[in-house]
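Asks: Under my numbering, the first residue of the sequence shown carries the number 22, and numbering increases by one thereafter.
Beta carbons: idealized from backbone N, C-alpha and C, even for Gly.
Predicted model only: the values in this text are computed from it and were never measured.
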Amino acid sequence: MAGKWIAAVGALVGAGVLTGCCLFSGNPTVTIMGPTTATVGVPVTFTATATGGGGTYTYQWSFGASGPTATYTFTAAGTQTIGVTVTDNCGKQATTMHTATVSEGTGGGGNLTGLWTGTLYDQGIPWDFRLQLNHSGTSVTGLASIGGATSPGTGSYVNGQFTFQFQAPGSAVFIVLVGSYNPYANELSGEWTVGGINFGSWRVRRY
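#1: Please determine, among F195, C111, Y178, S83, the residue with the shortest C-alpha to C-alpha distance to L154.
#2: With a cut-off of 8 Å, do at least 3 Cβ pairs link the region 88-108 to the region 185-192?
#3: Just to confirm, does V199 get its C-beta within under 7 Å of one of the non-hydrogen atoms of the ligand FAD?
#4: Residue range of the beta strand (DSSP E) that A189 falls in?
#5: Alpha carbon to alpha carbon, what distance is there between V197 and R226?
#6: Below 8 Å between beta carbons: does that hold for Q101 and F220?
#7: If I measure Cβ to Cβ from V123 and keep anything under 8 Å in the same chain, skipping five residues before and after, which residues do I get?
#8: Suppose the cutoff is 8 Å on Cβ atoms and the five residues either side in sequence are ignored; what does the same chain contact list for A86 look like?
#9: Please name the residue in G73, G75, V51, T77 whose C-alpha comes closest to that of F67.
#10: Could you have a look at V63 and say whether DSSP puts it in helix, strand or coil?
#11: For N155, write down the residues that DSSP places opposite it in a beta bridge.
#12: Just the C-alpha distance for G112 and N203, rounded to the nearest angstrom, thanks.
#13: Is it right to say G216 is buried, meaning 16 or more other beta carbons lie within 10 angstroms of its own, or is it exposed?
#14: Express the C-alpha separation of V161 and L152 in angstroms, rounding to a whole number.
#15: What do you get for L44, buried or exposed, if any count of 16 or more other CB atoms within 10 angstroms of its CB means buried?
#16: Considering only the alpha carbon of each residue, which of R224, A121, I218 lies closest to A206?
#17: Quick one: measure Cβ to Cβ for F150 and I167, integer angstroms, because I've assumed they're closer than 8 Å.
#18: Which whole-angstrom value describes the C-beta separation of G47 and G76, a residue pair presumed to lie in contact below a C-beta threshold of 8 Å?
#19: For S201, which residues from the same chain have a beta carbon less than 8 Å from its beta carbon, with the 5 sequence-adjacent residues on both sides left out?
#20: For the beta strand (DSSP E) holding Q81, just list the boundary residues, first then last.
#21: With DSSP as the reference, identify every bridge partner of L136, one or two as the case may be.
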């Protein structure tokens, strides 16, 4: 009986089903070392350490990175969880999670630098609208474009509140945008005013 069992194992090894020490190795385990607090828009680094199993590990993080050490930038405040799955050379896996408390910080959370495209509604009439923004700290500068005509502007992003003021192209009128950032949709939206009077809404997305 023992001889048949040994022969069966030998056949499996020969077929490539069982190789090296995989038959007798246990399952791997993995732990994550990293910060338990973070700020939206500020990169943080996590390190995973695997032990046991068959050795020669590969690592896959829940946010798409690979390797034992990975850097991630949270885009939303609150209690956030990241995870990593380790696979050893026998194909056995282990997964663990890590939780961090993420705050918005003084910059409002996230970085708004980039090209945003969408629509500005003037009392219900839609206009093609673009914002080309440069965001540093709480300061925002850039260009606003309505219907293809462009004007420079300045603003801020503090505690989740976005403001941006620019001169309406070809006019002496100053438009003030007030809104917020939705990191899940990568979207800025809000209302716009002239002289404190509300004229409509606007919505742009960064692609």
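Replies: Reading it off the structure:
#1: Closest by alpha carbon: Y178.
#2: These segments do not touch.
#3: What this structure holds is no ligand at all, so the ligand FAD is not there to describe.
#4: Element bounds for A189: n/a, residue is neither H nor E.
#5: The C-alpha of V197 is placed about 18 Å away from the C-alpha of R226.
#6: The criterion of a C-beta distance shorter than 8 Å is not satisfied by Q101 and F220.
#7: Within the same chain, V123 has close Cβ partners T58, A59, T60, V61, F95, A97, A98, G99, T100, Q101.
#8: Excluding sequence neighbours, A86 sits near T92, Y93.
#9: Nearest C-alpha to F67 among G73, G75, V51, T77: V51.
#10: The answer is coil: DSSP assigns V63 none of H, G, I, E or B.
#11: In the DSSP assignment, N155 forms a beta bridge with T162.
#12: N203 has its alpha-carbon roughly 39 Å from the corresponding atom of G112.
#13: So G216 ends up on the exposed side.
#14: The alpha-carbon atoms of L152 and V161 are separated by roughly 11 Å.
#15: So L44 ends up on the exposed side.
#16: It is R224.
#17: Contact between F150 and I167 holds, since their C-beta atoms are separated by about 6 Å, short of 8 Å.
#18: About 11 Å separates the two Cβ atoms, so there is no contact after all.
#19: Excluding residues within five positions, the ones whose Cβ falls inside 8 Å are G181, Q182, F183, L209, S210, G211.
#20: For Q81, the uninterrupted beta strand (DSSP E) run begins and ends at 79-82, by DSSP.
#21: L136 is bridged by DSSP to Q153.
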